[in-house]
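All residue numbers for the sequence shown refer to the working numbering, where the first residue is 2 and numbers rise by one.
Just so you know, even glycine gets a beta-carbon here, dropped at the ideal spot from N, CA and C.
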Amino acid sequence: MKSNGRTGRVLSLILLGPPGAGKGTQARQLCSTLGIPHISTGDMLRSHTRAETKLGAEARSFMSAGELVPDRLVLAMVKERLSQPDTRGGCLLDGFPRSVPQAEALTGILEECGMPLTAALQLDLDDEAIVTRLKHRRSCPKCGRIYHLVSSPPRRPDLCDTDGFELVWRPDDRESVIRNRLQVYHQQTEPLIGLYQRLGKLGVINAGQAPGRVQADILTTLHQRTGSRFVAN
Ligand code: AMP
């Protein structure tokens with residue numbers, strides 16, 4: 002087991018929470034602070050659908066309906082990613098696990114890799130706030146930067162401030178699909194909150210605050226759980 006160069010320890014983290022709670026935005030900032038790779042199963046699956054791989058073709062219809070992609074496909078993808086050397090100093094899993102079977106499989110995978118779970122961080126936000134957020138969410142297909150048309154719009158309409166790419170509105174951010182994604186979250190993913198609480202690994206963060214405040218609360222929670230202090234860069 003290798004320790005992480007920036008924090009001097011292995012951090013295996015899960016970011017839990019409903020779609021639209023800000024997992025992607027928070028994960029990018031946190032990974033930059035902690036020096037660990039950001040593993041987003043949603044991003045990985047979207048690159049498979051864009052590249053028209055076999056996995057992408059199998060996943061597409063589930064994703065556009067807001068359903069979960071079958072566990073066997075997601076687990077094979079995550080197992081392969083966690084076997085890569087850059088994860089030896091830890092990693093942040095964003096959007097995985099999303100079901101009890103995925104969580105059980107993850108425990109086994111992390112044990113095999115010799116990096117047991119440090120913490121599961123839950124971003125907490127209510128459904129109506131999520132629907133409002135997601136309807137206005139746009140993202141850059143190149144760098145993944147996320148905008149909100151009302152609270153954090155791009156400087157030029159529809160163009161990414163970082164690289165000028167045209168922003169996209171994810172097909173699964175339309176209201177009817179959002180409602181289905183929320184239902185799937187409550188049914189299949191929410192039970193993980195109790196599971197990680199019972200394991201003593203859960204930290205709950207109020208995701209209804211400004212992004213900088215949410216990030217500060219995540220770092221405080223990590224400090225409480227690990228005894229190490231992490232400073233945002
Ligand atoms: P996200 O970007 O995390 O909101 O994920 C977008 C979509 O990808 C989800 O609505 C699911 O269809 C699929 N997906 C992402 N992660 C998983 C996972 N761990 N298990 C099953 N499906 C997933």
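Those residues which DSSP pairs with residue i across a bridge
i, result
"Val232", "Val232 is not bridged to any residue."
"Ala121", "Ile15 and Leu203"
Nearest-angstrom beta carbon gap, residue j and residue i [assumed within contact, 8 Å]
i, j, result
"Leu223", "Ala120", "7 Å"
"Gly196", "Leu93", "Looking at the sequence shown, residue 196 is not Gly but Leu. At roughly 19 Å, the Cβ-Cβ gap does not stay under 8 Å, so Leu196 and Leu93 are not in contact."
"Ile235", "Gln123", "For the chain, the structure presents residues 2 to 234; residue 235 sits outside this window and is missing."
"Asp128", "Gly25", "Their Cβ separation, rounded to whole angstroms, is 19 Å, which puts Asp128 and Gly25 out of contact at 8 Å."
Beta-carbon proximity of residue i to residue j, cut-off 8 Å
i, j, result
"His49", "Ala66", "no"
"Leu220", "Ala233", "yes"
"Leu126", "Pro192", "no"
"Leu203", "Ile194", "yes"
"Thr190", "Arg99", "yes"
"Gly23", "Ala217", "no"
"Thr42", "Phe97", "yes"
"His137", "Leu118", "no"
"Arg10", "Ser229", "yes"
"Glu235", "Val132", "Residue 235 falls outside the range modelled here, since the chain spans only 2 to 234, and no answer is possible."
"Val169", "Arg134", "no"
Pick out the complete alpha helix (DSSP H) segments inside the segment 125-175, 4 residues or longer, and give them in chain order.
Within the segment 125-175, the runs of alpha helix (DSSP H) that reach at least 4 residues and sit entirely inside it are, in chain order, 128-136.
Would you be able to state if there are at least three C-beta pairs under 8 Å between the segment 21-30 and the segment 133-151?
A contact exists between the segment 133-151 and the segment 21-30.
Contact between the segment 34-47 and the segment 83-103 is defined here as three or more beta-carbon pairs at a separation below 8 Å; is this criterion met?
Flag = yes, the segment 34-47 and the segment 83-103 touch.
3-residue-minimum beta strand (DSSP E) runs that sit fully inside the segment 31-107, ordered along the chain
For the segment 31-107, the continuous beta strand (DSSP E) assignments of 3+ residues that do not extend past its boundaries occur at 39-41 and 91-95, in sequence order.
For the pair the segment 66-75 and the segment 100-109, tell me if three or more CB-CB distances fall below 8 Å.
At 8 Å Cβ cutoff, the stretches touch.
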